[in-house]
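Per UniProt numbering, the sequence shown starts with residue 1, numbered consecutively. We treat Cβ as the ideally placed atom computed from N, Cα and C, and that holds for glycine. Here the structure is laid out as structure tokens; the discussion comes afterwards.
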Amino acid sequence: MQLSNPPGRPTLADTLRQRRQRLAERVQFPVALWSGRSASRNFPANVHPFRASSHFLYFAGLPIANAAVRLEAGRLELFMDAATAADRLWHGEATGRDQVAAAIGAAAAYPLSHLADRLDGAATIPVMETATRQQQAAWLKRELPAAKALQAIDQQLASAIVELRLIHDELAIAEMRRAAAVTVKAHRAGMQATLGTTTEAEIRAAMEAVITAHNMSTAYSSIVTVQGEVLHNNAYDHAIQPGDLLLADVGAETESGWASDVTRSWPATGRFSPTQRDIYDLVLAAHDACIQAAQPGIEYRDLHLTAAQVLAAGLVDLDILRGTVEQLVEQDAHALFFPHGIGHLLGLDVHDMEDLGDLAGYAAGRSRSERFGLGYLRLDRPLQAGMVVTIEPGFYQVPALLHDPERRRQYQDQVNWERLAQFADLRGIRIEDDVLITPTGAEILTQDLPTAADQIEALVSGD
Ligand SMILES: [Mn+2]
């Protein structure tokens with residue numbers, strides 16, 4: 001656990017104090033946040049990797065297992081157990097409670113069990129992990145539904161935390177820059193390893209090796225696949241054939257939990273076919289148009305529609321779609337090939353704060369659209385300086401959509417199926433970057449990773 005502070009950065013304790021202060025301006029009741037613990041596999045000491053709850057991390061700063069903090073009027077109390085003799089035997093000397101307390105600016109520190117008597121009138125956010133959630137409910141002496149169905153003061157707390165976590169402070173942005181830099185290196189390594197590899201698993205290994213070597217972990221299960229049309233593909237066993245496109249969605253997470261989320265698509269041989277290149281350039285045009293338009297006050301939903309319009313216009317130019325752009329987007333014809341949203345919030349989690357349902361993603365009074373082309377939009381808010389969002393348009397040929405008899409009937413006049421068949425050598429392309437909204441526009445945190453097709457080809461082929 002790193003307790004020292006890198007030079008030139010706001011100190012952890014100062015940042016945490018500001019976050020607590022801002023929370024205290026929004027809620028008048030005590031708050032208790034648990035970090036959670038590792039779930040066990042086949043025996044108690046054989047555990048899955050530990051990941052602290054992000055709400056805990058936001059206010060406590062350090063990934064301490066089986067701990068909790070109590071916040072009231074800007075004051076922080078830390079609750080964690082001292083290492084037992086058995087802990088010291090098996091895990092070595094851990095950072096002590098008092099050291100942790102000093103690093104995070106705690107006013108007091110106690111064993112975890114002492115929290116049970118300090119919870120009158122306290123609000124919490126239930127953690128995902130079951131054993132800890134049961135402890136939260138037992139000690140608070142009330143039912144705790146899943147975090148997306150919160151009631152009363154827990155709901156007020158969640159809304160206050162969303163306000164804070166939506167707009168990132170200097171330390172958070174510095175951490176996300178670190179995650180982005182390692183992710184960029186990982187993607188370069190994946191592209192550079194491709195010519196010498198025969199399976200998806202080898203490319204994944206080359207990418208995750210970079211992340212592991214920086215003592216970071218992945219922010220989500222990596223997608224490294226020649227079947228890019230399978231949107232959440234976590235298999236890595238396919239052989240790579242000449243003519244395949246690789247789609248790699250891989251992002252590093254810093255030790256203190258800050259995420260990155262990047263996708264690139266590249267040809268296995270180092271050269272796009274003409275059809276692959278046409279669609280790649282189109283997806284890139286949508287990506288660039290969205291980032292160009294991103295600035296405070298712009299509705300994220302309008303960026304999604306911008307991407308839909310650019311894609312629809314390009315598909316009309318390629319004679320894959322027929323009709324006017326306006327009508328095609330209104331009819332959701334673009335969504336046959338781009339069935340997901342343009343992106344999401346990024347922060348301590350990929351899909352930041354989605355443990356709270358749409359509370360963070362959707363502005364008050366808004367809810368998910370019933371429309372095929374809008375229902376998967378994860379963020380529907382005006383952009384504000386300090387937000388970090390992903391921009392990730394794609395083009396996919398998903399058999400479940402394109403071979404669905406009802407959709408084929410519905411879009412028989414809009415899709416030129418014979419022409420589409422000529423593009424059979426691309427299954428899925430996505431280009432995704434992490435974008436910080438600045439007071440005047442947007443900064444691409446992952447801009448050191450090229451997007452232009454020529455540069456991608458050069459990286460893969462080593463030219
Ligand atoms: Mn993403």
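Contact between Gly394 and Val283 holds: their C-beta atoms lie close to 6 Å from each other, under 8 Å.
Boundaries of the beta strand (DSSP E) harbouring Thr390: Val388 to Ile391, taken from the DSSP string. Ala13 and Ala101 have their C-alpha atoms spaced approximately 10 Å apart. In this structure, the C-beta of Gly347 stays at least 7 Å away from each heavy atom of ligand 1. In the three-state DSSP reduction, Arg70 falls in the strand class (E or B). Closest in C-alpha terms to Gly105, from the list Ala86, Ala123, Gly74 and Trp90, comes Gly74. Residue pairing of Arg430 in beta bridges, as defined by DSSP: Gly394.
If you draw a 10 Å sphere on the C-beta of Asp352, you find 16 or more other C-beta atoms in it, and that means buried.
For Ile320, there is no enclosing alpha helix (DSSP H), as DSSP marks it with neither H nor E. Judged by their CB atoms, Ile291 and Val435 are nearer to each other than the 8 Å cut-off.
Sequence-distant partners of Glu330 (beyond 5 residues in either direction) whose C-beta falls short of 6 Å from its own C-beta are missing from its chain.
Proximity to Leu119 across Ala421, Ala85, Ser40 and Asp154 peaks at Asp154, based on C-alpha coordinates.
Listed in chain order, the beta strand (DSSP E) elements of length 3 or more contained wholly in the stretch 197 to 225 are 223 to 225.
Counting other Cβ atoms within 10 Å of its Cβ, Gly347 reaches 16 or more and is therefore classed as buried.
Between the alpha carbons of Phe338 and Thr95 lies a distance of about 48 Å. Under the three-state reduction of DSSP output, Tyr376 falls in the coil class, being neither helix nor strand.
Its chain contains Arg264, Trp266, Ile456, Leu459 and Val460 as the residues whose beta carbon lies nearer than 8 Å to that of Met191, once the 5 sequence neighbours on both sides are disregarded; these appear in chain order. For Leu321 and Arg408, the gap between their C-alpha atoms comes out near 13 Å. By the neighbour-count definition (other C-beta atoms within 10 Å, threshold 16), Leu356 is a buried residue. When the beta-carbon positions are compared, Thr440 and Gln295 come within less than 8 Å of each other.
Using a cutoff of 7 Å, the CB of Asp261 counts as near ligand 1, since one of the ligand's heavy atoms is closer than that.
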